[in-house]
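Counting the sequence shown from 1 gives a position; this note's numbering is that position plus 847.
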Amino acid sequence: MNIKKDNFFGYLFILPFLILFFSFLIYPFGKLFYMSLFEWNLMAVAMNPDNAIYVGFENFYYLLAGEGIWFNFFVFFTPIKILTFIILTVFLYFLYTREILKHNFGLIFFFIYAYVVYFVHGIQPTEDAYWEDDVFWKSIRNTMVMDFFSAYSITFIALLIAITTNHTGKIYIFIRTLFWSTGGVGVVALALIFSQVFSGYSGPLAHMQSTFNLEPFSLLISPNGARFIIIFATVWWAISIPIMLFLAALQQIPEERYEAARIDGVTNSQMFFYITLPGIARMFLLVSILQIISHWQIFGQVNLMTNGGPADGTRTVVLMAFDYAFRDMEMGQGAAVSVILFLIMSIFTFIQFKTFRENE
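Here is the structure:
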């Protein structure tokens, strides 16, 4: 009797969570998937719900293939891409021989993702490939490239800063505080700051051009330049929490290990590879995978700084879903893009779960 009573109160206590979970996660996703199966014009359906036309998986088919899809595979094997493949493979083998990579699902995923990102970078519709909705595949490519470089720039720079500032003393506390403060900047302020700084017509860059009698130019008017500025702004903005996580992991490593290593004449590089890196390996994987998941959903700075331009060079998956739904009023296609993004996020979440189950 007491067991049943305890179970009743247990379910009663989790009832508020279940209500919120189903109200704000399960129901919205179910509605999203339902809408993706319809030709759902926002204004027309608002006037009359019967205007929603069931089309099945046609929205997905249009996005992914449409009338057909074709790639010129020779663009994957340019000299620079072959060289990159060789360098990544050699580094992969180095990690394997040091047993850093052995049975490590997360690092294997990192290299697979690196290969995919680099080899799809530069693929252009109508030149090297054909697909029905070229903007969708551009948004996938743009998101992968910006996500990869943002996520791993943040991870490696945050690790470097954490190692450098992992000391006592007021100067190190001051430096850490400076880096932590960037996370408190809102995305609107972030976009305004970096748009102004890198504008070719006002701000520091324009002043420098005027000083050296250079022609005014803005990095934001070219696709590669705009991607670089967005990545740079994202790294500056999102680096604070990874620094704190790495500092927490570094401070968990016993100082006695370093003292014993110094007595034995171990070099700093050897201490890093054999003491520091194994000690923070789980945190490194956690930070890198969380950053990948987070920046696949990049939206605010892209929308405010470039609105996907120039020439769709910075259009991301989330921005495309937003434009379909609220600019073109095609909620069905916007929902289809969101469902595809959800499936991609599910893959990354599974990888994160698999990685940490493997390391327990």
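Backbone N, C-alpha and C define an ideal beta-carbon position, used for all residues, glycine too. Quantities reported herein were computed from a predicted structural model and do not represent experimental measurements.
Quick one: what does DSSP say residue i is sitting in, helix, strand or coil?
i	result
TYR1048	coil
PHE1064	coil
GLU900	With the sequence shown as reference, residue 900 is identified as Ile, and Glu is not the correct amino acid for it. Correct three-state label for ILE900: strand.
ASN888	strand
THR973	Summary for THR973: the model assigns pLDDT 48, below 50, so the residue's position carries little reliability, and this model does not support an answer.
PHE856	helix
Quick check: what's the CA-CA separation for residue i versus residue j?
i	j	result
ARG1174	ASN888	11 Å
SER1135	PHE1197	14 Å
SER1087	LEU1006	11 Å
ALA1085	ASN854	42 Å
PHE1131	SER1028	22 Å
ILE1127	VAL992	26 Å
PHE1189	PHE1064	38 Å
THR1012	MET1091	11 Å
PHE1200	TYR1105	31 Å
PRO1157	LEU910	21 Å
ASN906	ALA1036	36 Å
SER997	ASN1060	33 Å
ALA1108	MET1118	7 Å
ASP1159	PHE1075	14 Å
LEU865	ILE873	10 Å
ILE861	PHE868	10 Å
THR1015	LEU1133	26 Å
THR1153	ILE1140	22 Å
ILE1187	ILE987	10 Å
ASP843	ARG1129	With the chain running from 848 to 1207 in the structure shown, residue 843 is simply not present.
VAL1034	PHE856	43 Å
PHE1195	GLU1103	37 Å
GLN1099	PHE904	51 Å
TYR881	ASN895	17 Å
PRO1101	PRO1125	13 Å
GLY1030	ILE1004	15 Å
Report yes if the CB atom of residue i is closer than 9 Å to the CB atom of residue j, and no otherwise.
i	j	result
GLY1179	LEU859	no
THR1161	ASN898	no
THR1123	LEU1097	yes
ALA1038	LEU1151	yes
GLY1285	ILE1078	Given a span of 848 to 1207 for the chain in the structure shown, any question on residue 1285 remains unanswerable.
SER1193	LEU879	no
ILE1191	VAL1082	no
GLN1043	PRO1089	no
ILE1040	ALA1080	yes
Please report the residue range of the alpha helix (DSSP H) in which residue i lies.
i	result
TYR1121	Neither: TYR1121 is in no alpha helix (DSSP H) and is coded neither H nor E.
VAL1134	1128–1142
ARG1074	1070–1085
PHE880	874–883
THR1024	1017–1028
GLY1147	1147–1152
GLU1103	1102–1110
ALA1168	1164–1169
PHE907	905–911
Within the same chain, show all residues whose beta-carbon is closer than 6 Å to that of residue i, passing over the 5 residues directly before and after it, in chain order.
i	result
VAL1165	GLN1144, PHE1146
LEU1052	PHE1045
VAL902	GLU886
HIS1142	ASP994, SER997, ALA998
SER870	none
Grab me the residues of residue i's own chain with a C-beta within less than 7 Å of its C-beta, minus the 5 sequence neighbours each way, in chain order.
i	result
GLY1155	VAL1149, THR1161, ARG1162, LEU1166
VAL1032	TRP1084
ALA1183	SER883, ASN906, PHE907, LEU910
MET890	MET1176
TYR1171	GLU1177, GLN1180, GLY1181, VAL1184
PRO863	none
PHE1026	ILE1008, ILE1086, SER1087, ILE1090
Can you find a heavy atom of the ligand GDP that lies under 8 Å from the Cβ of residue i?
i	result
ILE1008	Ligands displayed in this structure: none; no statement on the ligand GDP is therefore possible.
Using C-beta distances below 8 Å, list every residue in its chain close to residue i, excluding the 5 sequence neighbours before and after it, in chain order.
i	result
LEU1094	ALA1009, THR1012, ASN1013, ARG1023
GLU1062	GLN1056
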